[in-house]
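Colleague: Below is one structure. I have some questions about it.
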Amino acid sequence: MKVILLEDVKNLGLKDEVVNVADGYANNFLFRRGLAVEATPANLRDLQSRQNIRRAGEAKQLAAAKELAEKLTGVTVKIPMKTGEGGRLYGSLTTQSIADELDRQGYEVNRRNITIHENIKTVGTYSVTIRLHTEVNVDVQIEIVSV
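One rule links them: number in the numbering used here = place in the sequence shown (from 1) + 44.
As structure tokens, then:
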């Protein structure tokens with residue numbers, strides 16, 4: 045019997061996959077636990093429409109990420125920090141401070157998507173990577189200035 049999985053099922057398949065299983069397994073396990081529905085023409089049409097909607101949403105997110113990446117390309121973010129002798133920072137630069145400064149400049153970026161490649165402990169210019177989408181990364185210059 046062909047069924048459409050409503051959730052990921054271990055050793056069988058992922059959500060929204062159409063798989064062929066034994067009738068007893070489908071009736072006694074998958075259907076009773078709400079893990080699958082029978083692959084009727086109506087259910088297959090519903091699956092197709094859900095997949096089309098999901099693809100359109102993913103395409104929209106990718107386009108928005110690419111647009112933000114274009115805006116961020118070439119941007120230098122100046123972050124003022126307290127420094128001691130020799131330009132050494134009190135504390136260190138965090139992804140939250142970078143995200144806050146980007147937000148002040150009008151770029152909404154989640155701090156969890158920012159990667160600092162090295163420990164930043166002195167005044168200077170550094171490069172960080174921002175992951176905007178699974179397919180879109182952008183490098184941004186961070187300039188640490190003394191207050």
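Even for Gly, the Cβ is constructed at its ideal location relative to N, Cα and C.
Rounded C-beta distance between residue 167 and residue 138? I'm assuming under 8 Å.
Modeller: In fact, because the Cβ distance is near 16 Å, the residues do not count as touching under 8 Å.
Colleague: Evaluate residue 164 with the Cβ neighbour count: other Cβ atoms within 10 Å of its Cβ, from every protein chain shown; 16 or more gives buried, anything less gives exposed.
Modeller: So residue 164 ends up on the buried side.
Colleague: Quick check on residue 114: does DSSP put it in helix, strand or coil?
Modeller: Three-state result, residue 114: helix.
Colleague: Quickly, what does DSSP pair residue 183 with across the bridge? List them, please.
Modeller: In DSSP, residue 183 forms a bridge with 173.
Colleague: Out of 82, 85, 151, 94, which has the shortest C-alpha to C-alpha gap to residue 112?
Modeller: Ranking 82, 85, 151, 94 by Cα distance to residue 112 puts 151 first.
Colleague: Span of the alpha helix (DSSP H) holding residue 146?
Modeller: Here the alpha helix (DSSP H) through residue 146 covers 139 to 148.
Colleague: What is the residue span of the beta strand (DSSP E) that residue 70 lies within?
Modeller: It is not in any beta strand (DSSP E) - residue 70 carries neither H nor E in the DSSP assignment.
Colleague: Look up residue 132 in the DSSP assignment and say whether it is helix, strand or coil.
Modeller: Of the three classes helix, strand and coil, the one that applies to residue 132 here is strand, per DSSP.
Colleague: Between which residues of its own chain and residue 92 is the CB-CB distance below 8 Å, once the five residues before and five after are set aside?
Modeller: So no residue of the chain qualifies.
Colleague: So, residue 121 versus residue 149, is the Cβ gap smaller than 8 Å?
Modeller: Yes. Within cutoff.
Colleague: Tell me whether the beta-carbon of residue 62 lies closer than 8 Å to the beta-carbon of residue 109.
Modeller: In this structure, residue 109 does not lie closer than 8 Å to residue 62 by Cβ.
Colleague: Would you decide whether residue 141 is buried or exposed? Buried here means 16 or more other CB atoms lie within 10 Å of its CB.
Modeller: Buried, by the Cβ-count rule.
Colleague: Under 8 Å Cβ to Cβ from residue 134, same chain only, skipping five residues before and after it: list those, please.
Modeller: Correct list, in chain order: 125, 126, 127, 128.
Colleague: Could you tell me if residue 97 is buried or exposed, where buried requires 16 or more neighbouring beta carbons within 10 angstroms of its beta carbon?
Modeller: Burial call: exposed.
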